[in-house]
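If you count the sequence shown from 1, position 18 lands on 18 in our numbering, and the numbers rise without skipping.
Single-structure report; data block below.
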Amino acid sequence: IGGMIWPNSHLSINGIEYQGAMSLLKAFLITCWFASFKRNLFNLYCLFQHYKIIADTVAIPQILYNVPGRTSVDMLPETVQRLSTHNNIIGIKEASGNKDRSMKLMKLCSENIQIFTGDDKTSMSDILDGFSGNISVTANVAPLEMHMMCKYAIEGDTEKAEEINSKIELLHDMLFCES
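Written out as structure tokens, the structure reads:
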């Protein structure tokens, strides 16, 4: 999966096509950070069009990434729902940190796309609530622990998942510390 952080649709398409030529299997598309600088010119319709243009142009599976805490732009569940019907959009990493919002996203979109949590601290409970899995930061430091915790959560084994999660909770906090 190749991460795409480009400031416009054209550069995103070029980046995906370039990486695709090097055997990219999936593209990971972060919410447009540039939109926060153009609040008067940018809205959710434009965000929808940005992702739709990429999905229409590049025939590679794409995972959306909503991380409003880092981009100052929040892709609402209704926007994701509209995008979830596109054949090339296969999932979303949801990192809003809002449990009610995440559950709404599950209700609206889980039949069309996979929904991954992007909040490592809540990943166990998110998976137990029905998320497909976790696209994790913590896994870069503790890959076996995150893998096993997610595996147990997917299997519904809360006790084993909690046992592992309790050992890495502090690590989740430390990795997301703002300095």
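Glycine included, C-beta positions come from ideal geometry on N, C-alpha and C.
Note that this is a predicted model, so its numbers are computed, not measured.
Alpha carbon to alpha carbon, how far is T57 from S125? Give it in angstroms, no decimals. Position 125 of the sequence shown holds residue 125. Position 57 of the sequence shown holds residue 57. Using only the alpha carbons, I get a separation of about 36 Å.
Between R70 and L76, what straight-line distance do the alpha-carbon atoms span, to the nearest angstrom? Reading the sequence shown from its first residue, position 70 is the one you call residue 70. Reading the sequence shown from its first residue, position 76 is the one you call residue 76. Distance from the CA atom of R70 to the CA atom of L76, rounded to whole angstroms, is 15 Å.
Between the CA atoms of M103 and I168 - distance to the nearest angstrom: By 1-based counting over the sequence shown, the position of residue 168 is 168. By 1-based counting over the sequence shown, the position of residue 103 is 103. The straight-line gap from Cα to Cα measures roughly 24 Å.
Looking at the unbroken beta strand (DSSP E) that takes in N165, where does it start and where does it end? The residue given as residue 165 occupies position 165 in the sequence shown. Membership of N165 in any beta strand (DSSP E) is not indicated; the residue belongs instead to the alpha helix (DSSP H) covering T158 to L175.
Report the residue from H172, I54, S166 and I63 whose alpha carbon sits nearest the alpha carbon of G15. Translated into positions along the sequence shown, residue 15 becomes position 15. Selected option, being the one with the closest Cα: I54.
Please identify the residue among S123, L171, S72 and S9 whose C-alpha is closest to the C-alpha of T158. Here residue 158 refers to the residue found at position 158 of the sequence shown. Closest option to T158, Cα to Cα, is S123.
Can you tell me whether F116 is buried or exposed? The criterion is at least 16 other CB atoms within 10 Å of its CB, across all chains shown. Translated into the one-based positions of the sequence shown, residue 116 becomes position 116. Buried, because 16 or more other Cβ atoms sit within 10 Å of the Cβ of F116.
D120 and V141: beta carbons closer than 8 Å? Position 120 of the sequence shown, counting from 1, holds the residue named residue 120. Position 141 of the sequence shown, counting from 1, holds the residue named residue 141. Result no, Cβ atoms of D120 and V141 do not sit closer than 8 Å.
Per DSSP, cross-strand counterpart(s) of A185: The structure shown does not extend to residue 185, since the chain spans only 1 to 179, so no value can be given for it.
Residue from Y51, K93, R82 and L128 whose Cα sits closest to the Cα of V67: Position 67 of the sequence shown, counted from the start, is the residue given in the question as residue 67. Selected option, being the one with the closest Cα: K93.
For L83, which residues in the same chain have their Cβ closer than 6 Å to its Cβ, ignoring the five residues on either side in sequence? Against the sequence shown, residue 83 aligns to sequence position 83. Result list for L83: Y51 and I89, in chain order.
Buried or exposed for S166, please, with buried defined as at least 16 other CB atoms from any protein chain shown within 10 angstroms of its CB. Translated into positions along the sequence shown, residue 166 becomes position 166. When all chains shown are included, S166 counts as exposed.
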